[in-house]
Amino acid sequence: MKYVRQFCIILLVSFLGEILYMALPFPIPASVYGLVLMLTALKTGIIKVQQVKDAAVFLIEAMPVMFIPAGVGLMTSWETLRPICFPVLIITILTTVFVMAVTGRVTQFVIRREQRGNK
């Protein structure tokens, strides 16, 4: 019963994200609205981590299974993707390196800022 309640809380937040998506004129996916709502609810204490933790852990563990249909879709579209495979590979490598570099810099900035604040 605990899992059902936790899943219902997560689904409610996701549903509120869907409502925001329909109500607001911005090109932001409903899932992003839901994530922002969940983050806000967790940070403000409206929802406690313990109220959703077990269901969230289960969903994270099941996440790799959700990529199987996308992988099969890519395999069935290989003939269409073959001509653009090299450019996509280059773009993927470049953007991955860029994201890693930016993430590292932001992390270093935050760590240094916290260290200065603790002194």
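Sequence positions in the sequence shown follow the UniProt record's numbering and run 1 to 119. Note that CB positions come from ideal geometry on N, CA and C, so glycine has one too.
Could you tell me the alpha carbon to alpha carbon distance between P27 and L20, rounded to whole angstroms?
11 Å
Quick check: what's the CA-CA separation for V65 versus I47?
27 Å
Can Q51 and I9 be called in contact, C-beta distance under 8 Å?
yes
Count the other C-beta atoms from every protein chain shown that fall within 10 angstroms of the C-beta of M38, then say buried if there are 16 or more, exposed otherwise.
buried
Just verifying my parser: in three-state terms, what is the DSSP assignment at P87?
helix
What is the DSSP secondary structure of L77, counted as helix, strand or coil?
Sequence inspection shows Ser at residue 77; the Leu mentioned does not correspond to that position. Three-state DSSP puts S77 in coil, outside helix and strand.
Find the nearest neighbour of S31 within the set A41, A56, T44, S14, judged by alpha-carbon distance.
S14
Work out the CA separation of T44 and N118 for me, nearest whole Å.
Taking the straight line from one Cα to the other gives about 24 Å.
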